[in-house]
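2 protein chains.
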Amino acid sequence: MDQLMDILKRNQLSVTEGRRKILELFLKSDGALAHADVEKKIDAGFDRVTVYRTLQTFVEKGIIHNIPTTDNSILYALCKDNCEAGHHHDNHVHFICDVCDKTICLEHVAIPEVKLPKGYQQRQADLVISGVCDDCR
Amino acid sequence: MDQLMDILKRNQLSVTEGRRKILELFLKSDGALAHADVEKKIDAGFDRVTVYRTLQTFVEKGIIHNIPTTDNSILYALCKDNCEAGHHHDNHVHFICDVCDKTICLEHVAIPEVKLPKGYQQRQADLVISGVCDDCR
DNA sequence: TTATTTTTTGCAACAATATTGCATTTTCGT
DNA sequence: ACGAAAATGCAATATTGTTGCAAAAAATAA
Chain V
1278 MDQLMDILKR NQLSVTEGRR KILELFLKSD GALAHADVEK KIDAGFDRVT
1328 VYRTLQTFVE KGIIHNIPTT DNSILYALCK DNCEAGHHHD NHVHFICDVC
1378 DKTICLEHVA IPEVKLPKGY QQRQADLVIS GVCDDCR
Chain Y
1278 MDQLMDILKR NQLSVTEGRR KILELFLKSD GALAHADVEK KIDAGFDRVT
1328 VYRTLQTFVE KGIIHNIPTT DNSILYALCK DNCEAGHHHD NHVHFICDVC
1378 DKTICLEHVA IPEVKLPKGY QQRQADLVIS GVCDDCR
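Residue numbers (this note's numbering), protein chains in the order written: chain V, 1278 to 1414; chain Y, 1278 to 1414.
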């Protein structure tokens, strides 16, 4: 299980217990995670600040990316292709259930091209679909 | 200018100065507004709590809706068609500029249908495109 | 390995944002 | 105008995110 270390090394990050644990959490959880989720699901007692900084670092390095939400929370999800820092062309489609609040990533769905007004340059596109998931019907 | 009163009445809301002012603000500003924007742009000194509650009420009534963002802020925008409370089929496309942070609503762009997994029911779809706007190039 | 440098962490304090209860005020229907 | 219902303001509280700095851990060099 050196996948964790690989990812961290590749991104020139020191390998620490906190980073390993958080990264591991993302690797084994299919959905997206909010800051609060990360804090809860990690048994070890890491400081809130550490979690904030770790997530921030991961985003900067392009290990994870954040997903738009309509409530004021930030959801983070793993970048499957571990894209280069700075330019993530992750065109993700996410489904948020109104009932159970779970967010899942629809990986196989592609976002069609959208024609933007003149002069607008697209970097990233996120499609967020909300409704009721299969479990909550 | 009884458009304001009309909207409020239609949604069974008492007509108060705060609600009129806030609704007016949305009507005359083309883009989306955050809570902070609303507070700033209203000259009258309304309590923060009132603004929170008003925005919440407007969302519940379907007068405004909120736009997904990747930072942890909530953006509100007017529902053009003043849809029924509860079911807003507002499939909005929004563009967020990475530089100036402005959010604009691309009204003429439609979100194509997306095939969801079995049992999933779509209520709303939001496409958020980020990049650089024409002004910031 | 040990010593030195660099990075990360935890703590504490702080700042910003959002929520709740309750008394007062305003609006609405009669 | 009057009484009932709804909205507001205030204070207190909760939640969430940030910053500075000293201690601890990890990386680098010898």
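Just so it is clear, CB atoms sit at the ideal spot from N, CA and C, and this is done for glycine as well. None of the values given here were measured: they were computed from a predicted structure.
Closer than 8 Å to chain Y by CB, residue i
| i | result |
| --- | --- |
| V:Cys1410 | yes |
| V:Asn1343 | yes |
| V:Phe1372 | yes |
| V:Asp1375 | yes |
| V:Ile1340 | no |
| V:Val1326 | no |
| V:Asp1403 | yes |
| V:Lys1379 | no |
| V:Leu1332 | no |
| V:Ser1407 | yes |
| V:Val1292 | no |
| V:His1365 | Annotation note: pLDDT 45 at V:His1365 (below 50); position unreliable, coordinate value reported separately. Not an interface residue. |
Segment limits, beta strand (DSSP E) that includes residue i
| i | result |
| --- | --- |
| V:His1342 | Ile1341 to Ile1344 |
| V:Leu1352 | Leu1352 to Leu1355 |
| V:Ser1407 | Gln1398 to Val1409 |
| Y:Cys1374 | His1369 to Cys1374 |
| V:Thr1248 | No information on residue 1248 of chain V is available, as it lies outside the stretch 1278 to 1414 that chain V covers here. |
| Y:Cys1382 | Thr1380 to Cys1382 |
8 Å Cβ cutoff, residue i in contact with chain V
| i | result |
| --- | --- |
| Y:Ile1351 | yes |
| Y:Arg1400 | yes |
| Y:Gly1396 | yes |
| Y:Arg1414 | yes |
| Y:Cys1360 | Caution is warranted here: a pLDDT of 43 is assigned to Y:Cys1360, below 50, making its placement in the model unreliable, and the coordinate value is therefore given only provisionally. Not one chain V Cβ lies under 8 Å of Y:Cys1360. |
| Y:Lys1298 | no |
| Y:Lys1286 | no |
| Y:Leu1393 | yes |
| Y:Thr1346 | yes |
| Y:Asp1279 | no |
Cβ separation of residue i and residue j, assumed to be a contact under 8 Å, to the nearest whole Å
| i | j | result |
| --- | --- | --- |
| V:Leu1355 | V:Leu1304 | 7 Å |
| Y:Thr1346 | Y:Ile1381 | The pair is not a contact, with the Cβ atoms about 13 Å apart (cut-off 8 Å). |
| V:Ala1309 | V:Ile1344 | 5 Å |
| V:Ile1319 | V:Ile1299 | 7 Å |
| V:Asp1375 | V:Ser1407 | 6 Å |
| Y:Val1386 | Y:Val1370 | 4 Å |
| V:Gly1295 | V:Phe1335 | Between V:Phe1335 and V:Gly1295 the Cβ distance is about 11 Å, and since that is not below 8 Å, they are no contact. |
| Y:Leu1393 | Y:Gln1399 | 6 Å |
| V:Glu1316 | V:Arg1325 | 7 Å |
| Y:Cys1410 | V:Tyr1397 | 6 Å |
| V:Glu1301 | V:Leu1281 | 6 Å |
Range covered by the alpha helix (DSSP H) that runs through residue i
| i | result |
| --- | --- |
| V:Gly1295 | Glu1294 to Lys1305 |
| V:Gln1333 | Arg1325 to Lys1338 |
| V:Val1315 | His1312 to Lys1318 |
| V:Asp1283 | Gln1280 to Arg1287 |
Quiz item: Taking Cβ-Cβ distances below 7 Å as the criterion, which residues of the region 1300–1319 of chain V are in contact with chain Y?
Solution: Flagged: no residues at all.
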